[in-house]
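>
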């Protein structure tokens, strides 16, 4: 890689940010005062976005970095952040010579969106580098409830057998009424509601309660969630062994220790 543009008397470097959301949206920004086109991809001029100091090394230190900027309706909107569209997004930061946009950029860091903090019209994002995975425990901790997520590779249940597609009949606060038989026995508690059309298409909302054709969301629904909206409901699991055994017949894949004595048993003594 030729980096002779670092040795010039007058610097011509600019930062590049490439953001890839989980829903497939890809955005590009640059600290330069004009748009740059790199590898047929346009990076929009956003001088208000600045990264913290970036230190590159060959050690095992966690290479986290923070980025601050101004929310704009055309790029990073407050409603998108609140709706969770930026959760788990990937970010690539590099340096480029804006006089030679065809030259190969210098990669600096790549990582995943961590905590997002908003203050007025400003936002700060913590970027978790690959070495942050070293902070995770090597062996799973014991727990009386299941550590797997419903339908993942450890649970091994097919979600398609536990999903139901329909439309919204009415919205009353956190309560959503869906079009289905009044005696519908499907249990969506701890499940999810995924929006399939409209401005909030692709978002998933957590369900904390439900009875028949009425489900209650954990958070207030988006204003775009209105009558006639197509949705996909996924059943939930309370992660208890009895539920896994009796309701789903999946006790062989239960990832917990329901009969392991707890700390309260170890502290018992005669006369307590």
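Residue numbers (my numbering): 157 to 428.
Note that CB positions come from ideal geometry on N, CA and C, so glycine has one too.
As the structure is a computational prediction, the values presented were derived from the model and not from experiment.
1. Taking buried to mean at least 16 other C-beta atoms within 10 Å of its own C-beta, is residue 391 buried or exposed?
2. Rank 399, 245, 355 and 312 by C-alpha distance to the C-alpha of residue 345 and give the top, closest one.
3. Determine the closest residue to residue 243 out of 352, 358 and 252, with distance taken between C-alpha atoms.
4. Note the first and the last residue of the continuous beta strand (DSSP E) segment covering residue 305.
5. Taking the runs of the beta strand (DSSP E) that are 3 residues or longer, which of them lie wholly in the region 335-359?
6. Thinking C-beta only, is residue 382 closer than 8 Å to residue 327?
7. Could you give the first and the last residue of the continuous beta strand (DSSP E) run that contains residue 399?
8. Residue 218 by DSSP, collapsed to three states: which one?
9. I'd like to know whether the C-beta atoms of residue 300 and residue 412 end up nearer to each other than 8 Å.
10. Quick check on the burial criterion: 16 or more other C-beta atoms within 10 angstroms. Buried or exposed for residue 197?
11. Beta-carbon separation of residue 268 and residue 246 under 8 Å?
12. Would residue 384 and residue 324 qualify as a contact pair, given that the criterion is a beta-carbon distance under 8 Å?
Reading it off the structure:
1. On the chain shown, position 235 is the one that residue 391 refers to. Residue 391 is buried by the Cβ-count criterion.
2. Walking along the chain shown from the start, residue 345 turns up at place 189. Comparing Cα positions, the closest option is 399.
3. Taking the first residue of the chain shown as 1, we reach residue 243 at position 87. Measuring from the Cα of residue 243, the nearest candidate turns out to be 358.
4. Taking the chain shown and counting its residues from 1, one reaches residue 305 at position 149. Per DSSP, residue 305 belongs to no beta strand (DSSP E) and is neither H nor E.
5. 348-351, all fully within the region 335-359.
6. Here the question's residue 327 lines up with position 171 in the chain shown. Here the question's residue 382 lines up with position 226 in the chain shown. Cβ atoms of residue 327 and residue 382: closer than 8 Å.
7. Along the chain shown, read from residue 1 onward, the residue named residue 399 stands at position 243. Counting along the chain, residue 399 falls outside any beta strand (DSSP E), though it belongs to the alpha helix (DSSP H) covering 397-402.
8. In the chain shown, the residue the question calls residue 218 occupies position 62. At residue 218, the pLDDT of 45 sits below 50, so the modelled position is not reliable; the number obtained from the coordinates is stated separately. Note: residue 218 maps to coil in three-state DSSP.
9. In the chain shown, counting from the first residue as 1, residue 300 sits at position 144. In the chain shown, counting from the first residue as 1, residue 412 sits at position 256. Between residue 300 and residue 412, the gap from beta carbon to beta carbon is short of 8 Å.
10. Within the chain shown, numbered from 1, the residue matching residue 197 stands at position 41. When all chains shown are included, residue 197 counts as exposed.
11. As a first step, residue 268 must be located in the chain shown, where it is residue number 112. As a first step, residue 246 must be located in the chain shown, where it is residue number 90. In contact: residue 268 and residue 246 (Cβ atoms closer than 8 Å).
12. Position 228 of the chain shown, counted from the start, is the residue given in the question as residue 384. Position 168 of the chain shown, counted from the start, is the residue given in the question as residue 324. Closer than 8 Å, so yes.
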